[in-house]
Every structure is written in structure tokens, then in C-alpha cells.
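Sequential numbering from 1 applies to the sequence shown in the working numbering.
Note that CB positions come from ideal geometry on N, CA and C, so glycine has one too.
To start, the structure under review is shown below, and the notes come after it.
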Amino acid sequence: MRHAPGPYADWRAWLDAFAEGTDLPSAHLAPIDEQMGPHVHERLLRHVSEAFSRRQRRWADAFQRDLGTLAGDPGRAVHSLAAAMVSARTRLVPLHRFCALPAMPQALRDELKSALDETLRSSQRSIEDSVRHAPMELQAAVRGNRLTAPPAPPSPPPPPGRQSPGRRVII
């Protein structure tokens, strides 16, 4: 079945991609409002909620996989745990952006942000509980890399025409 092009179809395609882990530009998305009609508006809000839930589940599954790899080498556990938490925070960036999409109504943005914040608080509590009786280094790694902290800003690209640091080759 083909869908006619329009705001609803644009949103559906974008939301489907987002739910699957693809981060596409969102500037072309029309505002979600009552002008779409009450039935379309309601259906679209359901799709927004479903896409958010699926993407959040993808994040949680990836975080669990990362944590599952820690059991192998106790000597590297502190570093691996810190890296898993930093990676998890980095993967949260698209979810934070999603919760702030200006094309969504403010009430919806607030609701999504609240849901994401609760998920992060719950995940942080859970990981803190799991290392409660672990060595102090592991506990410090969890506290020092909180999921609720904003991810580090990306490093700026090198200026044009400059070589990246490393070996200098002279011929």
C-alpha cells in the first residue's frame, strides 16, 4: 500500500528510521498540531511514542550487551565499565535530541524528556546497586560516569590544511 506524500508520511518514515537506530535530519518535519486533523494527530502521537520506546529499548539492549562483556576480565573491569557507561551516554544523544524536537508539541517533549530522565535515573540506580559490594574502584567508575550526566561535547575537527598529530613523514 502506498501512502500519499505529506506531513504524516514524512513523520512516519522519519520515525521508523529513528526507531531502527538511524538518525536523519528533522528540519523538514511539519509541526505536529491539530491542523493535521484529530485522527491523524492521534495516530502520529502514537507513532512518536512507539518510536521513542523502540529506540530507548535499543539503547538499553546495547548497554546491557556492553555490561555483559565485563564478566570476562576482572583486571580490566574498571576501565571496561567506565567505557561502557561513556558509550551508553554517547548513544543517548539522539534520544535527547528527539525529546527536544521543536516540531513536537511542548507537552509531548516534556513527557518524553521526563520518561527518558526516569529511565536514566533507574538505570543509574540499578548499576550502583549492582556494584554496591564491589571494589571501591568499580563503585567510583559508576559514580564518575553517571548516565544522567551530559555526554562530552564532540571534539572539533582539525583546521583545514593541517595534518593530524602523529608521525611526521619527510621524504
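Can you give the beta carbon distance from residue i to residue j, rounded, assuming they're within the 8 Å contact cut?
i: LEU70; j: ALA84; result: 7 Å
i: PRO25; j: ALA103; result: Not quite, the Cβ-Cβ distance comes to about 12 Å (not below 8 Å), so this is no contact.
What do you reckon, are the CB atoms on residue i and residue j nearer than 9 Å?
i: LEU120; j: VAL131; result: no
i: LEU95; j: VAL48; result: no
i: PHE98; j: ALA51; result: yes
i: ARG54; j: LEU147; result: no
i: MET36; j: PRO7; result: yes
i: VAL78; j: ALA27; result: no
i: GLY21; j: ARG76; result: no
Taking residue i as the reference, give the member of the options with the closest Cα.
i: ARG91; options: GLY68, ALA77 and LEU116; result: LEU116
i: ARG46; options: LEU108, HIS133, LYS113 and GLY144; result: LEU108
i: GLN64; options: PHE18, LEU29 and SER87; result: SER87
i: ALA60; options: SER123, ALA134, VAL40 and GLU20; result: SER123
i: ASP33; options: PRO105, ASP23 and LEU101; result: PRO105
i: GLU128; options: LYS113, GLU118 and ASN145; result: ASN145
i: ASP23; options: LYS113, GLU42 and LEU101; result: LEU101
i: VAL40; options: ASP10, SER114 and PRO135; result: ASP10
i: SER114; options: ALA17, SER80 and GLN56; result: GLN56
Open item on the list: List, from N- to C-terminal side, the alpha helix (DSSP H) runs of 4 residues or more that fit wholly inside the region 84 to 141.
Closed with: 93 to 99 and 106 to 130
Open item on the list: Report the start-end ranges of each alpha helix (DSSP H) in the region 37 to 78 that is 4 residues or longer and not cut off at the edges.
Closed with: 38 to 68
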